[in-house]
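Undergrad: Read left to right, the sequence shown gives residues 1 to 446 (the working numbering).
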Amino acid sequence: MANFYQLSTMIAHRAVMGARNEMPLTMRITRDWDNEFGQRGRKIGKIFYIRKENRYLTTLGPDITSALADAAYDYTDPATAALNLDQQPVIPLHFTSQDWTASVDDIDSRITQPAVRQLANVVERSVAGLYAYVGNCVGQGAASVITGLTSNPTPGTALTAGGANTKPYRAFLYANALLHMEGCPVDNRKCVIDPYVQPELLDELKGVFNPTEVIAKQYKKGRIGMQSGMEWAMSQNITGHNTGTAAGIAATVKTAPANGATSIETASWTVSSSNVLKKGDVISLASSTAALSGGTQLVNPLSRVTAGSLRQFSATANVSADALGDATIPISPAIFWEGPYQNVDSRPAVGENVLFWGVNGTTYASKSGSLQSLVFHPSAFGIGFAELPLWDGLHKGSRATDDETGVSVRCTADTDQRTDEVIWRLETWYGVVTIYPEFACRVQTT
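1) Nearest-angstrom Cα distance between Ile264 and Thr255?
2) Apply the 10 Å Cβ neighbour rule to Thr419 and answer buried if 16 or more other Cβ atoms are within range, or exposed otherwise.
3) Using the beta-carbon count (16 or more within 10 Å), is Leu426 buried or exposed?
4) Go ahead and label Lys190 buried or exposed: buried means 16 or more other beta carbons lie within 10 angstroms of its beta carbon, across all protein chains shown.
5) For Ile193, is the classification buried or exposed, using 16 other Cβ atoms within 10 angstroms of its Cβ as the cut-off for buried?
6) If you count every other CB in all the chains shown that lies within 10 Å of the CB of His94, and 16 or more means buried, which is it?
7) Taking the Cβ atom as the reference point for each residue, do Ala233 and Pro24 lie within a distance shorter than 8 Å?
8) Near Val422, what residues of its chain come up, given a Cβ to Cβ distance below 6 Å and the 5 sequence neighbours on each side ignored?
9) Under 8 Å between C-beta atoms, does Pro330 make it to chain C?
10) Spell out the partners DSSP gives His241 in its beta bridges.
11) Buried or exposed: where does Arg410 fall if 16 or more other Cβ atoms within 10 Å of its Cβ makes it buried?
12) Considering only the beta carbon of each residue, do Glu387 and Thr401 sit closer than 8 Å?
13) Just mark Thr296 as buried or exposed, buried being the case when its beta carbon has 16 or more other beta carbons within 10 Å.
14) Tell me Pro92's beta-bridge partners as DSSP assigns them.
15) Write down the C-beta distance between Ser368 and Asn275 rounded to the nearest angstrom, noting that I regard them as a contact closer than 8 Å.
16) Given a cut-off of 8 Å, decide if Thr112 and Ile383 are closer than it, judged by their beta-carbon atoms.
17) Identify which residue in Asn353, Arg14, Leu298 has its Cα closest to the Cα of His180.
18) Helix, strand or coil for Gly339, going by three-state DSSP, please let me know.
19) Does DSSP classify Ser268 as helix, strand or coil?
20) Could you pull out every residue in the same chain whose Cβ sits closer than 8 Å to the Cβ of Trp269, ignoring the five residues on either side in sequence?
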């Protein structure tokens, strides 16, 4: 017969340990501040402000007067990111008296293990949803995978190992190249892919693997492992993106945004049209719809050298046009054309064209299911877990926190005299945030 305390403790500990296998994406993003949340009994509030690294201007001479103001650490945005503990998924469980006569092992295999997997996958999917704050995006396009470093992805178009322009591995290499242009740290880069593109990548790379080497073991198990300076993993929770209703390219910049703006005022949409852009749609600002050139260009934030391609932005919320055909697009990353956080070569001009997905004159209305694999540095995203309290008066409860991963899970139980059942709650409390969106790149895989 099961024991209340034994079972609640087992469930809580199994949940935190199972997270390592069920959350490949979550385990590869930054959790450096978990001690702030996870110290036993410590409360720091629901929102935690993460200090980002400062950036500086360089003077070309002994006089530093012009850059001195930017040398002091800035404790306000964009030098901070807010990690909000706003996620509390709960898995309800219940046991009857008959269930309670079973062994702990029986209950574990039949009831708790599926619940643990479910909880872990909920967390993993919320992390995968951070793709919508990443502007950089590559993938299969109408003519080629990429033009220079300007992506040309087609939502809903699969990456396959077929023709010369459809090699999926090439798209991931270009994603990695975009991270170079963004000044992203070279070490410790990750690549988490969706299940459908994995066999295409393995097929394309099969000539690389030597059966006598260690890497061959990874290949035989259907895994890629370390390749091209990136650690590769697969997650079944890679998110599918659905595009907005906009057809063709007609919108333009209505008002030149301020330095550091997180939105763009645009015009010339179809009047009173809803969801012209969906959260996660990618736009660029070009001086001409005839070529992917001119307009607002990407700049390396460290060298301030133009990369020769358009800066990509992601819409961070659904966008609808008003009765005048105007629409304000909230974007990530923010636009900086001057100062230490500069990431574009010039201020977006009134009249610049809003391009969808970097492709000219093509309709991407209501495409669905474009999976968003990710190439990224761990500092691009963050997650923080907090310990939920064990309330007085509970029949029994346990809590487990994994010091290595930061995952904290609470398992509590109480009896219901009306139904002769024991009602359980298996839950966690956490928040996710995009810290450096420029240190990640999406790969449209299918």
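Even glycine gets a Cβ: it sits at the ideal position worked out from N, Cα and C.
TA: Let me spell this out:
1) 7 Å
2) exposed
3) buried
4) buried
5) buried
6) exposed
7) yes
8) Phe95, Ala413, Thr415
9) Included in the structure is just one protein chain, with no chain C present.
10) Ser370
11) buried
12) yes
13) buried
14) Arg425
15) In fact, because the Cβ distance is near 13 Å, the residues do not count as touching under 8 Å.
16) no
17) Leu298
18) coil
19) coil
20) Ala246, Ala250, Ala251, Val276, Ala321, Gly325, Asp326, Ala327
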